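S.K.: Protein chains in written order, with this note's numbering: chain S, 2 to 170; chain W, 2 to 170; chain B, -4 to 505; chain A, -4 to 505. Here you go, one structure.
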């Protein structure tokens, strides 16, 4: 039994096509104008053993929507992979980062110190707030250059995971 | 949320009753005229951590039909456990070992030597056939005392897992 | 011997309670089990399924997850020890392990505390008093304050006297918590406040003091063992210069810079400091060593260290078993001349943290775990596949320790073991160690406490060989080809860590 | 050093092929990786997902699962070595490792064989000729035939001469295969035929010979290392007296019966035997020792032994790395006086077999695997969770090795490690080791090759504490309460091993 699938993959900001035709242990992959023959074995739902030109690779893949996290020989990769149908709708929707972006708490903790105020200009990567979690103080940084549009929390406030701390525009 | 279940368990050839009333982390068990309170956590589909009167036990359970194999603190137990409905039909069907019983190959291999012929009398535990598997010669024994009713294979014959080798009556 | 041990149970504790969690609780359980001593674990709510609970003979609930309501609840711990008939308590490290109230309360309750007495702990545990003790024992100390700081102005004044840069440190501290580096006068104010607040959160004590910051020093510490009859030995040094956020991440022994003569002098100094306070049981005397190989007493840790296994690997001495025997009242069974060092050992502390994002903690569920083994490899772990790393405590997952006949074999073995270690579902610092072991300076043994600051930038642990990236892309496609349309799946277990990742985007600076 | 190694790759092999599978292939891959040598695995069809395939840098298919069509296919192995540009082959143990044709073909193909030369292998590998060589070297041998047996009558005649009981053994043998114990003349005929047939199946050579059976001897062997320049050392003894089906299951060093003087004499004898045939690389000289501490040469194994790790643990010498360096042409880097033994080591061979049913093999899928770790514990494993133990090969799963400062600590540690080891889905001999370690005779070090026959009966490894049984019953009920009616479930993965169990009922004699 042979299964054929097509996907779009984002590499260095360019969407490339990949197609894969496979049985239960062999896959022919067309990708970047090359043909690859992969001898594979499924170790579990999310794990494969790959042999490609004799090279052995152990792979773990966890996928959520368009995002696949691949660990291959201990090295991690984040890969954006969509099937062509979703790819169309995605192009039409338009995903970009020019709007306001919020900095949110990665886990429950406490706001120790605010490093900026509303209206401050910040550079991408600049520290904006210090939170304490897992017994450590951690500085969160601005994901982009811009202005602080809103500060949603105050010092010593307890915050939940995912809670928005401030917004950069 | 509380769930209540009742089972019959075979212990030393006697069917005993056990009932269990549980939430997601606490269970009240009635068994052998005693009440047990078990603090439990589910590690996976087949694994539990139990705390009983403070004693910590790690348990793995694999179940097939009426048979449960339990490994607790590294010690294995085979337990016959049925729910009351099946218990009724089982009692009516009657499970006993007075009929003919076949000795079958536990895995693919080769018959090296037959130690008995049709018509021979055998004791329970007596060696009846030698098969070679996993590079070792292994003697299979009669599960009961009786007469060899049939020898289904010959020396040097290759056999598959589960294949009947001979029948003891 | 074993049989006779069993027949004569009065020559060791009847039951040991371990007042800790994670890998160190597991470590102590293992030692006790090997000696035939039954063990009692204690746990907070989020640790109900912790490995230490699963491995102990008995386990009792302390309270809710926050450490103030569980592992720091001294009354409750004593209560559990009494009701479970434990006659000894091992404190592990962190939590209450350096709180003199702990041995005091144990004594009052008739329970043996596996560690030093309260007075030695008080004297050496307080960093400021410890410095005084060292001075009295004629062991050199790092220039700085000998009393806790009153306020920012005093801190600034003293900093100006001894000269910038300086370190502000928690008086009750350890493990880099409540410590701040201050390069210029302008930074002092916020560093002072942060250190106080972190010290208060970690130790319930906001006192801080000030030390001169030595330029690129090495951190070298000596393990000591002492019985109650005045016998004391040192088991040689551990070099712990590789630190991030002032916390050790790679330790090794022997130190690549050590000579027999310096080891003798530093070992003597360590024993002198510990003797000065009548120390008993296992302890560690920490020194900074400058580029002229002059050493300065830094502090004494009055408990088992995280990195104790590397000393075990080169001496063959099980430090936890020695602790238990010493606490039971046995005499040290060997003298200084019996301590021999064989080969070389190294430890990497595997943390749930993101080395590409300022070592930010990364708790969550461990979806897949493959631990290394084979020759010369020891994994002191507190986790298992399926375990949910809680958000409430230090994110240490396990310690990977290797032994080799020399430093070269040890490094090759560590690289091999790291290549076998797979933890998926959460971020770990495994790639970071691979980076460290590839650095020329590290390979050459040129270590210092600012090694990471000087050599590391976040992208370094993430160099993707292009062919591996192609493989990863094809693996993603292969995996997807086994699934339905991409929006039709996503199990619950998969979700939690990846959603968390998604939310962290705001903090990334790639 | 590492960096310079990388810059100067000509001082070691460019690529190593491992002509084996399972734990020993993994062991060799680990050593090569630590030395920076890329590795090539080979596999049969059922081993496509074997751990050695997953861990190697490259992997190539040999052929179908039966070993005659895969791991014994010499031509194919040479072909793969050539096409993958491997310049060395490690044979592991078993399979082709003692076939002199292997080094011969490697030589012809310009590939380095990691082991002795063909002539030494031929001379020592043939058990009959090896006995002659030992006699010539004036090392005592066990009374028996010095030529292969022609037929049953000859066997019977010689057996009568030297006196019953006797052992019939495969001339090409090893690992207890093709070996039969004959107590009375009446048993000789069937034993002769079984041994021939098993020898033929295992080694493709049905020649057998005959030896006097010593009463309750100890099996004590010496590890030797030799370079091609005439330097040879021994690394001390391993006691391997605990055997089932004439196959070692527990090994330890030092032997509890050994003295320094006897070690010197036996070590000398081992070196003499190996020197007599110009032996090179790693090898093992096996002796039987009787109750008077007289020793007899038994045979020489011209390859790495299964139990080599215990020697590594007490000497600190990595035997596989030494093999590679010696094969490369390096001189031995140490002399006899440099070999030091530290502490005590023990190994348990974890097999997929049922200790309650005559150690019958138990292949199948491993549903859950928890491996022990922590201080002094090494797990040389060839399996992982989810792996399907194939039916075609020896059922060795892993080797659990521990080190302790003395035999007492080692035994306590082994018990602790065994208590952590969990393998579910298949039967293993783990309960059997727990039984062994509880035996007074074992604890006292009174070992002999008939230890198991004398002390063990199948029920022994299954003593169920009644309270544990109650817990097990309740656990079964708890588990069932999470499921629907009992006939509505049973996943595919669950089924296979349990169905197999069901079928095995015919063989049980509880």
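Glycine included, each C-beta is placed from N, C-alpha and C at the ideal position. What you are looking at is a predicted structure, and each value in this text was computed from that prediction instead of being measured.
(1) For residue 147(W), which option in 163(W), 165(W), 117(W) and 162(W) has the closest C-alpha, if you only look at C-alpha atoms?
(2) To the nearest whole angstrom, what separates the beta carbons of residue 275(B) and residue 115(B), a pair I think is in contact under 8 Å?
(3) Counting only C-beta atoms, is residue 9(B) closer than 9 Å to chain W at any point?
(4) Any beta carbon from chain A within less than 9 Å of residue 147(S)'s own beta carbon?
(5) In angstroms with no decimal places, state the Cα-to-Cα distance between residue 184(A) and residue 155(A).
(6) Considering Cα atoms alone, identify which of 109(S), 52(S) and 141(S) is closest to residue 61(B).
(7) I want to verify the contact list: residues of chain D whose CB lies under 8 Å from the CB of residue 452(B), in sequence order.
(8) Can you check whether the CB of residue 53(W) is closer than 9 Å to the CB of residue 1(W)?
(9) Short of 6 Å in beta carbon distance, which residues of its chain neighbour residue 120(A), apart from the five on each side in sequence? Order them along the chain.
(10) Threshold first: 3 residues or longer. Then list the beta strand (DSSP E) segments lying entirely within the stretch 337 to 368 of chain B, N to C.
(11) Among 429(B), 309(B), 436(B) and 53(B), which has the Cα closest to the Cα of residue 397(B)?
(12) Between residue 138(W) and the rest of its own chain, which residues show a CB-CB distance below 7 Å, the 5 nearest in sequence each way excluded?
(13) Using three-state DSSP, classify residue 159(S) as helix, strand or coil.
(14) Could you tell me whether any Cβ in chain S is nearer than 9 Å to the Cβ of residue 406(B)?
(15) Residue 414(B) versus chain A: which residues are under 8 Å apart at the beta carbon?
(16) Return the CA-CA distance between residue 182(B) and residue 145(B), expressed in angstroms with no decimal places.
(17) I think residue 320(A) touches residue 224(A), with their Cβ atoms under 8 Å apart; what is that distance to the nearest whole Å?
(18) Tell me which residues of the stretch 52 to 79 of chain W have at least one Cβ-Cβ distance to chain B shorter than 8 Å, keeping chain order.
(19) Starting from the beta carbon of residue 44(A), find every residue of chain S whose beta carbon is closer than 9 Å, and list them in chain order.
(20) Could you name the residues of the same chain whose beta carbon sits closer than 7 Å to that of residue 196(B), not counting the 5 residues immediately before and after it, in chain order?
(21) Near residue 484(A), which residues of its chain fall below 6 Å by C-beta distance, leaving aside the five closest residues on each side in sequence?
(22) Which residues does DSSP pair with residue 61(S) in a beta bridge?
(23) I want to see whether chain B comes within less than 9 Å of residue 161(W), judged by CB atoms only; does it?
(24) Between residue 328(B) and residue 301(A), what straight-line distance do the alpha-carbon atoms span, to the nearest angstrom?
(25) Whose Cβ in chain B lies nearer than 8 Å to the Cβ of residue 368(A)?
(26) Just the Cα atoms here: how many angstroms apart are residue 111(B) and residue 12(B)?
(27) Is residue 15(B) buried or exposed, if buried means 16 or more other CB atoms sit within 10 Å of its CB?
(28) Excluding the 5 residues preceding and the 5 following residue 138(B) in the sequence, name in chain order all residues of the same chain whose CB lies nearer than 8 Å to its CB.
(29) Just the chain B side, please: which residues come within less than 8 Å of residue 135(S) by C-beta, in chain order?
(30) So, is the C-beta of residue 419(B) closer than 9 Å to a C-beta in chain S?
(31) What residues in its chain sit with their C-beta under 7 Å from that of residue 67(A), if we drop five residues either side in the sequence?
(32) For residue 234(A), does the count of other Cβ atoms within 10 angstroms reach 16, so buried, or fall short, so exposed?
(33) Tell me the rounded alpha-carbon separation between residue 379(A) and residue 240(A).
(34) For residue 311(B), go through chain A and note every residue whose CB falls closer than 7 Å to its CB, in chain order.
(35) Would you verify that the beta carbon of residue 39(B) is, or is not, closer than 9 Å to some beta carbon of chain S?
M.R.: In short:
(1) 117(W)
(2) 7 Å
(3) no
(4) no
(5) 14 Å
(6) 109(S)
(7) Of the chains in the structure shown, none is chain D; the protein chains are S, W, B and A.
(8) No answer is possible for residue 1(W): the residues shown for chain W start at 2 and end at 170.
(9) 93 and 297
(10) 339 to 346 and 363 to 365
(11) 309(B)
(12) 113 and 131
(13) strand
(14) no
(15) 28
(16) 18 Å
(17) Not confirmed; about 13 Å, so no contact.
(18) 52, 55, 56, 57 and 59
(19) 42, 43, 44 and 50
(20) none
(21) The predicted position of residue 484(A) is uncertain, since its pLDDT is 36 and thus under 50; a value taken from the coordinates is nonetheless stated next. Excluding sequence neighbours, residue 484(A) sits near 478.
(22) 48(S) and 72(S)
(23) no
(24) 36 Å
(25) 366, 368, 373, 374, 375 and 376
(26) 17 Å
(27) buried
(28) 157, 206 and 207
(29) 356, 358, 386, 387, 388, 389 and 390
(30) yes
(31) 90 and 91
(32) buried
(33) 27 Å
(34) 337, 338 and 400
(35) no
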